[in-house]
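Q: Chain order of the listed sequences is A and B. Residue 24 in numbering that gives the first Met the number 0 is what sits at position 25 of the first sequence, and the numbering runs on without skipping anything. Residue 80 in numbering that gives the first Met the number 0 is what sits at position 81 of the second sequence, and the numbering runs on without skipping anything. Built from N, CA and C at the ideal position, the CB exists for glycine as well. Take a look at this one; I'll ask things after.
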Amino acid sequence: MSRSRRARTPVGQPDKGRRRFLLATPALLAGAWLAGAARRFGVRSEAPPRHSPRLLSLDQADLYGPHNLAG
Amino acid sequence: MGEVVCELCPKACRIPEGGSGDCRVRVNLDGRLRATTYGRPSAIHIDPMEKKPLFHFHPGTPVFSIATAGCNLHCKNCQNWQLSQRGGEEMEVLFRAYPQEVVDRAREEGCTSVAYTYSDPIIFSEYVYDTAELAHAQGLSNVFITAGYINRDPLRKLCRVLDAFNTDLKAFDDGFYRDVCSAKLKPVLDGLVTCREEGAWLEVTNLVIPTLNDDMAMIRRMSKWIRDELGAGTPLHFSRFQPMYRMRNLPPTPAESLTKAWQEARDVGLEYVYIGNLYDRKAGSTYCPKDGTLLIERMGFRVIANNLVNGACPTCGQTIPGVWT
Numbered sequence: 000m001s002r003s004r005r006a007r008t009p010v011g012q013p014d015k016g017r018r019r020f021l022l023a024t025p026a027l028l029a030g031a032w033l034a035g036a037a038r039r040f041g042v043r044s045e046a047p048p049r050h051s052p053r054l055l056s057l058d059q060a061d062l063y064g065p066h067n068l069a070g
Numbered sequence: 000m001g002e003v004v005c006e007l008c009p010k011a012c013r014i015p016e017g018g019s020g021d022c023r024v025r026v027n028l029d030g031r032l033r034a035t036t037y038g039r040p041s042a043i044h045i046d047p048m049e050k051k052p053l054f055h056f057h058p059g060t061p062v063f064s065i066a067t068a069g070c071n072l073h074c075k076n077c078q079n080w081q082l083s084q085r086g087g088e089e090m091e092v093l094f095r096a097y098p099q100e101v102v103d104r105a106r107e108e109g110c111t112s113v114a115y116t117y118s119d120p121i122i123f124s125e126y127v128y129d130t131a132e133l134a135h136a137q138g139l140s141n142v143f144i145t146a147g148y149i150n151r152d153p154l155r156k157l158c159r160v161l162d163a164f165n166t167d168l169k170a171f172d173d174g175f176y177r178d179v180c181s182a183k184l185k186p187v188l189d190g191l192v193t194c195r196e197e198g199a200w201l202e203v204t205n206l207v208i209p210t211l212n213d214d215m216a217m218i219r220r221m222s223k224w225i226r227d228e229l230g231a232g233t234p235l236h237f238s239r240f241q242p243m244y245r246m247r248n249l250p251p252t253p254a255e256s257l258t259k260a261w262q263e264a265r266d267v268g269l270e271y272v273y274i275g276n277l278y279d280r281k282a283g284s285t286y287c288p289k290d291g292t293l294l295i296e297r298m299g300f301r302v303i304a305n306n307l308v309n310g311a312c313p314t315c316g317q318t319i320p321g322v323w324t
C-alpha cells in the first residue's frame, strides 16, 4: 500500500497540499465576494444564449394551444 | 454619439451607446433610442376576455393576445418571468408580426379585440400604438394589461387608441413596490387617475401575497383610494398568488385571505369586486349593486349566462358600468 502524500513530504520541506490550500483560500473568498457584488449590482451570471431565436411567421403561431402565461 | 434618455417610464434610463434600458429591449443604437421588439412578439394566443381579467368589457369574447420579451419591472413573483425578464435575443422564438399582420390575423380568427399583455406592453408601446390604430380602423377594440409604470405623456398618447385597461395595483405601499417590483407606487396611482380622466374603461387587479401585501388595513386604504379617485363602479379583482420565480418561499394565498379582502373592498363601497385564480362562483360573477340580481354568471374564464339587458339590470334597470356591446 502506498504512503500518503503527507508522509511522502520530506522532513524540513513545506507541505505542498497545505501550501496550495493556503494560497487557494483567499482566491476563492475573493471570487465569491466579487460574484456577490456583481449580482448585487445587477450583472447577470447566466451565460449568453448559444442560440439565436428562431424567427417564425405569424402562421406558425399555435394560437389555441395551452399556455401558462398570466394575463 | 452619446447616451440617450428613455422618457417612456419613470425609471428614465440613461442608456449608453450600444446599451439597453432596464427593460432590456429599448436600446441606444447610433445615438437613437430603438425598440428592438417592434413587430417581434414572442407570445401570441387567443384567450377569453375574462382571462385578462376584464369582466365588464365585451364579456365572453375571444381576444387576440400578443406580447414581446422584456419588462420595466422586475417583480420577484412574476408569473411570466420567462418572457418578461429576458431580452428579445434571449427568446427561443420570435414571430414576425407587423401591425397589419396582427390585425389581419385577429380578424381572420374572429376576434373582436387585440390585447397587449403577458409582459408589460408599456415597453413595446410604439408597436402597441401602431397596431391599435390599425385595429381601430378595422373595427377592433384594444385592451392593455399592465402594471401601469409609465409617464403621463406616453400614457395619454396610448389612451387615444386603447379602449380598456386592466392595471395591476400591486400593493398600496411604496416599500412593497421598491422591494418586490423595483418601482414606486406614486406613478402607478397617477397613471390610474390619468386612465380614468382619458375615459378608457378601467379595471384594477391586486395580487394578494401572503405576509407581503395581505394586511387588511392596507387593503381597506387601497379600496378607499379606488372608490374616491376612480369611482365605486371600478371593478377590482383580488387575485391568488402562486409561488413563482424568485418567490417560491411563500405559500399560495389562502382562500380566507381573498375572501376577507373581497369583503373589505365591498364594505368600503366598491360595487364590483371579484376573486381570481381561485374557483369561487359567487365572487367570480357580477351582481346588481342595487337589488342583488345575478347579472353575469361565470365559471372560471367562461361566461355561463349574461342576463344584462342593454347594459342594465333586467330587474331594476340599474345601469351597470362597462362596455357591453
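Using a beta-carbon distance below 7 Å, is Asn79/B in contact with chain A?
A: Within the second sequence, numbered from 1, the residue matching residue 79/B stands at position 80. Yes, contact with chain A.
Q: List the endpoints of the continuous alpha helix (DSSP H) containing Ile208/B.
A: The count along the second sequence starts at 1 and reaches residue 208/B at position 209. It is not in any alpha helix (DSSP H) - Ile208/B carries neither H nor E in the DSSP assignment.
Q: Would the beta-carbon of Cys5/B fall within 7 Å of that of Arg25/B?
A: One-based indexing of the second sequence puts residue 5/B at position 6. One-based indexing of the second sequence puts residue 25/B at position 26. Taking 7 Å as the Cβ cut-off, Cys5/B and Arg25/B qualify as a contacting pair.
Q: Mind listing, in chain order, the continuous beta strand (DSSP E) runs of no fewer than 3 residues lying wholly within the region 14-53 of chain B?
A: Segments of the beta strand (DSSP E) lying fully in the region 14-53 of chain B: 25-28, 31-34, 42-47.
Q: If distances are taken between C-alpha atoms only, which option among Leu28/A, Ser51/A, Tyr63/A comes closest to Glu88/B?
A: Within the second sequence, numbered from 1, the residue matching residue 88/B stands at position 89. Considering only alpha carbons, the answer is Ser51/A.
Q: Tell me the rounded alpha-carbon separation between Ser112/B and Asp103/B.
A: Walking along the second sequence from the start, residue 112/B turns up at place 113. Walking along the second sequence from the start, residue 103/B turns up at place 104. In a straight line, the C-alpha of Ser112/B is about 12 Å away from that of Asp103/B.
Q: Can you tell me which of the three DSSP states Ile319/B falls into?
A: Working through the second sequence from its first residue, we reach residue 319/B at position 320. It is coil, neither helix nor strand.
Q: Return the Cβ separation of Cys77/B and Cys22/B in integer angstroms, given the expectation that the two are a contact with Cβ distance under 8 Å.
A: Here residue 77/B refers to the residue found at position 78 of the second sequence. Here residue 22/B refers to the residue found at position 23 of the second sequence. That belief does not hold up - the Cβ atoms of Cys77/B and Cys22/B are roughly 13 Å apart, past 8 Å.
Q: For a cutoff of 7 Å on Cβ pairs, would you count Leu62/A as touching chain B?
A: As a working mapping, residue 62/A is identified with position 63 in the first sequence. Chain B, which has a Cβ nearer than 7 Å to the Cβ of Leu62/A, makes this yes.
Q: Check whether chain B comes within 7 Å of Pro52/A, counting only Cβ atoms and requiring the distance to be less than that.
A: Translated into the one-based positions of the first sequence, residue 52/A becomes position 53. Chain B, which has a Cβ nearer than 7 Å to the Cβ of Pro52/A, makes this yes.
Q: Give the residues of chain B in contact with Pro35/A, contact being defined as C-beta atoms less than 8 Å apart.
A: As a working note, residue 35/A is residue 36 in the first sequence. Here residue 35/A turns out to be Gly, not Pro, going by the sequence shown. Chain B residues near Gly35/A: none, gap ~16 Å exceeds 8 Å.
Q: If you reduce the DSSP assignment to three classes, tell me which class Val101/B lands in.
A: In the second sequence, counting from the first residue as 1, residue 101/B sits at position 102. Correct three-state label for Val101/B: helix.
Q: Hey, quick one: how far does the alpha helix (DSSP H) through Thr193/B stretch, first residue to last?
A: Locating residue 193/B in the second sequence gives position 194, where the first residue counts as 1. 184-197 is the extent of the alpha helix (DSSP H) around Thr193/B.
Q: My output table needs one value for His236/B: the three-state DSSP class, helix, strand or coil.
A: Here residue 236/B refers to the residue found at position 237 when the second sequence is read from its first residue. DSSP places His236/B in strand when its eight states are reduced to three.
Q: Which stretch, first to last residue, makes up the alpha helix (DSSP H) that contains Val267/B?
A: Mapped onto the second sequence, residue 267/B falls at position 268. Unbroken alpha helix (DSSP H) run through Val267/B: 254-267.
Q: With 16 as the cutoff for other CB atoms within 10 Å, does Arg239/B come out buried or exposed?
A: Taking the first residue of the second sequence as position 1, residue 239/B is located at position 240. Buried: at least 16 other Cβ atoms inside 10 Å.
Q: Whole angstroms are fine: how far does the CA of Gln59/A sit from the CA of Val62/B?
A: In the second sequence, the residue the question calls residue 62/B occupies position 63. In the first sequence, the residue the question calls residue 59/A occupies position 60. Distance between the alpha carbons of Val62/B and Gln59/A: 18 Å.
Q: Express the C-alpha separation of Ala36/A and His55/B in angstroms, rounding to a whole number.
A: Within the second sequence, residue 55/B is the residue found at index 56, counting from 1. Within the first sequence, residue 36/A is the residue found at index 37, counting from 1. If I take the Cα positions, the gap works out to 48 Å.
Q: Following the continuous alpha helix (DSSP H) through Tyr126/B, name the residue where it begins and the one where it ends.
A: As a working mapping, residue 126/B is identified with position 127 in the second sequence. Unbroken alpha helix (DSSP H) run through Tyr126/B: 124-136.
Q: Using 7 Å as the threshold, is the C-beta distance between Gly70/A and Thr60/B below it?
A: If you number the first sequence from 1, residue 70/A lands on position 71. If you number the second sequence from 1, residue 60/B lands on position 61. Against a cut-off of 7 Å, the Cβ pair of Thr60/B and Gly70/A comes out as no contact.
Q: Mind reading off the beta-carbon distance from Met221/B to Asn205/B? Whole number of angstroms is fine, and I expect it under 8 Å.
A: Here residue 221/B refers to the residue found at position 222 when the second sequence is read from its first residue. Here residue 205/B refers to the residue found at position 206 when the second sequence is read from its first residue. Correct: roughly 7 Å between the Cβ atoms.
Q: I want to see whether chain B comes within less than 7 Å of Met0/A, judged by CB atoms only; does it?
A: In the first sequence, the residue the question calls residue 0/A occupies position 1. The predicted model places Met0/A with a pLDDT of 47, which falls under 50 and marks its position as unreliable; any figure quoted below should be read in that light. Judged by the 7 Å Cβ criterion, Met0/A is not in contact with chain B.
Q: For the beta strand (DSSP E) that Ser64/B lies in, which residues bound it at each end?
A: Taking the second sequence and counting its residues from 1, the one referred to as residue 64/B is at position 65. Taken as a continuous stretch (DSSP letters only), the beta strand (DSSP E) holding Ser64/B covers 61-66.
Q: Tell me whether the beta-carbon of Val207/B lies closer than 7 Å to the beta-carbon of Phe237/B.
A: By one-based count along the second sequence, residue 207/B stands at place 208. By one-based count along the second sequence, residue 237/B stands at place 238. Cβ distance < 7 Å, so Val207/B and Phe237/B count as in contact.
Q: State yes or no: is the beta carbon of Ala69/A nearer than 7 Å to at least one beta carbon in chain B?
A: The residue given as residue 69/A occupies position 70 in the first sequence. Judged by the 7 Å Cβ criterion, Ala69/A is in contact with chain B.
Q: Closest Cβ-Cβ distance between Phe143/B and chain A: below 7 Å?
A: To locate residue 143/B, count along the second sequence from 1; it is residue 144. Not closer than 7 Å to any Cβ of chain A, the Cβ of Phe143/B fails to qualify, so no.
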